[in-house]
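Accompanying notes for the structure given below.
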Amino acid sequence: MTAAASLLRLGVNIDHVATVRNARGESYPDPMRAAEVALAAGADGITAHLREDRRHISDADIDALAVICRRRGRPLNFECAVTPEMEAIALAHLPHAACLVPERREEVTTEGGLDVVRGHNKIAPVVGRLAAAGIRVSCFIDADPAQVAAAKSVGAQVVELHTGAYCEAVRHRDPRAPELLEGLKAAAREAAALGLEVHAGHGIDYETVKPVAAIPELMELNIGHFLIGEAIFIGLGPAIQRMRTLMDEARSVLAA
Ligand code: PXP
């Protein structure tokens with residue numbers, strides 16, 4: 257792997273291992289086992305979203321993931337809504353990173369970015385308290401210059417750009433896909449120019465990972481649902497290894 261390739265980290269989101277487990281109210285498949293497999297297969301860290309309705313990841317999962325990640329010396333990226341409950345859980349566990357996401361109970365998944373412009377006064381103090389506790393705070397935002405600027409102004413160290421609209425457009429052969437990719441590139445440039453670390457995630461699959469990974473400012477991708485689906489056919493370790501290879505291929509073109 258080239259030096260440039262190694263700069264793009266992969267966080268594997270294991271939420272949907274818990275979705276399958278919870279469909280039967282069983283103890284399997286175990287998200288902790290998935291985390292161990294993911295780290296062994298080349299994930300740089302583990303991402304998990306504790307939703308307010310606990311539809312997949314549970315409080316006990318977060319307790320166990322915090323232990324695993326600490327033991328393995330790998331980052332846990334705790335995705336959460338901007339609520340007092342989630343802030344308290346983050347402060348109790350002190351994960352490496354917290355990614356602040358919008359949450360609506362009726363949504364199927366995180367359907368858009370956090371509105372940091374409108375939520376500035378609510379979000380800024382939470383970012384301040386999490387950052388003061390040593391947590392790297394990220395805002396999950398749409399590729400919108402106003403949101404990038406607002407993330408900087410609330411004190412976030414990182415922005416994670418929502419790639420869902422672009423990935424969906426590619427899958428549905430929507431002609432707006434190139435324009436959406438250009439929007440992600442512009443937002444990444446803008447964020448980096450403001451001194452923010454830039455991440456991306458949501459909806460990424462084997463087709464969309466390369467154009468996204470080729471955005472030079474990106475330092476981390478967070479990928480979940482597609483990998484867990486692919487694991488049904490080829491196993492979680494090989495699914496992650498393939499994603500890692502595609503990321504590295506995209507990065508080696510950049511380095512060339
Ligand atoms: N990043 C964030 C902030 C997310 O909320 C999610 C979904 O939980 C992901 C990345 C991963 O998205 P996906 O599961 O579609 O790969």
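Residues in the sequence shown are numbered from 257 upward in steps of one, following my numbering.
Cβ coordinates follow ideal geometry from the N, Cα and C atoms, glycine included.
Problem set entry | Residue range of the unbroken beta strand (DSSP E) whose run includes G281 | In the sequence shown, counting from the first residue as 1, residue 281 sits at position 25. DSSP places G281 outside any beta strand (DSSP E), giving it a letter other than H or E.
Exercise. Under 7 Å from any heavy atom of the ligand PXP, does the C-beta of F334 make it?
Worked result: As a working note, residue 334 is residue 78 in the sequence shown. Result no, Cβ not under 7 Å from the ligand PXP.
Exercise. Taking 7 Å as the cut-off, is the CB of T275 close to at least one heavy atom of the ligand PXP?
Worked result: Residue mapping note: residue 275 aligns to position 19 of the sequence shown, counting from 1. Relative to the ligand PXP, even the nearest heavy atom lies 7 Å or more away from the CB of T275.
Problem set entry | S314 versus H428: straight-line alpha-carbon distance, rounded | As a first step, residue 314 must be located in the sequence shown, where it is residue number 58. As a first step, residue 428 must be located in the sequence shown, where it is residue number 172. For S314 and H428, the distance between alpha carbons rounds to 33 Å.
For this session: Could I get the ranges of all uninterrupted alpha helix (DSSP H) runs contained in the segment 463-491, with 4 residues as the minimum, in chain order?
Result: Complete alpha helix (DSSP H) runs here, min 4: 465-469 and 481-490.
Exercise. Since N333 contacts H352 with CB under 8 Å, what's their CB separation in whole angstroms?
Worked result: Counted from its first residue, the sequence shown places residue 333 at position 77. Counted from its first residue, the sequence shown places residue 352 at position 96. Contact between N333 and H352 holds: CB atoms are separated by about 7 Å, below the 8 Å threshold.
For this session: Check whether the Cβ atoms of V268 and L483 lie closer than 8 Å to each other.
Result: To locate residue 268, count along the sequence shown from 1; it is residue 12. To locate residue 483, count along the sequence shown from 1; it is residue 227. Between V268 and L483, the CB-CB gap stays under 8 Å.
For this session: May I ask you to verify whether the segment 433-450 touches the segment 386-396, counting CB pairs closer than 8 Å and requiring at least 3?
Result: Under the 8 Å Cβ criterion, the segment 433-450 does not count as touching the segment 386-396, having fewer than three qualifying pairs.
For this session: Grab me the residues of R289's own chain with a C-beta within less than 6 Å of its C-beta, minus the 5 sequence neighbours each way, in chain order.
Result: Locating residue 289 in the sequence shown gives position 33, counting from the first residue. Cβ neighbours of R289 beyond the five flanking positions: none.
Problem set entry | Coarse secondary structure for I397, derived from DSSP in three states | The residue given as residue 397 occupies position 141 in the sequence shown. It is a strand residue.
Exercise. How long is the line joining the alpha carbons of R327 and E473, rounded to whole angstroms?
Worked result: For this step, residue 327 is matched to residue 71 along the sequence shown. For this step, residue 473 is matched to residue 217 along the sequence shown. The straight-line gap from Cα to Cα measures roughly 30 Å.
Exercise. For the beta strand (DSSP E) that contains H305, what are its first and last residues?
Worked result: Here the question's residue 305 lines up with position 49 in the sequence shown. Taken as a continuous stretch (DSSP letters only), the beta strand (DSSP E) holding H305 covers G301 to H305.
Problem set entry | DSSP state of L321 mapped onto helix, strand, coil | Along the sequence shown, one-based indexing puts residue 321 at 65. Three-state DSSP puts L321 in a helix.
Exercise. Taking the C-alpha atoms as reference points, what is the distance between M499 and L492?
Worked result: The residue you call residue 499 lines up with position 243 of the sequence shown. The residue you call residue 492 lines up with position 236 of the sequence shown. Straight-line spacing of the CA atoms in M499 and L492 works out to 11 Å.
Problem set entry | Whole-angstrom distance between H376 and D504, CA atom to CA atom | Taking the first residue of the sequence shown as 1, we reach residue 504 at position 248. Taking the first residue of the sequence shown as 1, we reach residue 376 at position 120. Each residue's alpha carbon lies about 36 Å from the other.
Problem set entry | Residue from A297, G485 and L266 whose Cα sits closest to the Cα of V273 | Here residue 273 corresponds to residue number 17 of the sequence shown, with the count starting at 1. For V273, the closest alpha carbon among the candidates A297, G485 and L266 is that of G485.
Exercise. Applying the criterion that 16 or more other CB atoms from any shown protein chain within 10 Å of the CB defines a buried residue, is Y284 buried or exposed?
Worked result: Your numbering for residue 284 matches position 28 in the sequence shown. Result: exposed.
Problem set entry | For N333: DSSP bridge partner residues | Within the sequence shown, the letter at position 77 stands for residue 333. The partner list for N333 (beta bridge, DSSP) reads T303 and A353.
For this session: With DSSP as the reference, label G267 as helix, strand or coil.
Result: The residue labelled residue 267 in the question sits at position 11 within the sequence shown. The three-state secondary structure of G267, taken from DSSP, is strand.
Exercise. Going straight from the alpha carbon of V414 to that of F396, what length do you get?
Worked result: Working through the sequence shown from its first residue, we reach residue 414 at position 158. Working through the sequence shown from its first residue, we reach residue 396 at position 140. Going by the C-alpha atoms only, they are around 9 Å apart.
Problem set entry | Whole-angstrom C-beta distance between C336 and L370, which should lie under 8 Å | For the purposes of this step, residue 370 is taken as the residue at position 114 of the sequence shown. For the purposes of this step, residue 336 is taken as the residue at position 80 of the sequence shown. Wrong, their Cβ atoms sit about 11 Å apart, outside the cutoff.
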